[in-house]
């Protein structure tokens, strides 16, 4: 029971990191599109 809780906590932390990474990636792409578009 405790082990699963720990794994879930770790997974949610990784998910947050991943979502943040993708958010930053999307922002970079958006900025690039805006800059490249005249």
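In my numbering, the protein residues as written are 1 to 38. Ideal placement from N, C-alpha and C gives every residue a C-beta, glycine not left out.
Could you compute how far the alpha carbon of residue i sits from the alpha carbon of residue j?
i, j, result
"residue 11", "residue 4", "10 Å"
"residue 36", "residue 21", "22 Å"
"residue 32", "residue 18", "21 Å"
"residue 15", "residue 7", "12 Å"
"residue 23", "residue 9", "21 Å"
"residue 13", "residue 34", "32 Å"
Sorted by chain position, which residues of the same chain lie with C-beta nearer than 7 Å to residue i's C-beta, five sequence neighbours on each side aside?
i, result
"residue 25", "none"
"residue 2", "none"
If I measure Cβ to Cβ from residue i and keep anything under 6 Å in the same chain, skipping five residues before and after, which residues do I get?
i, result
"residue 27", "none"
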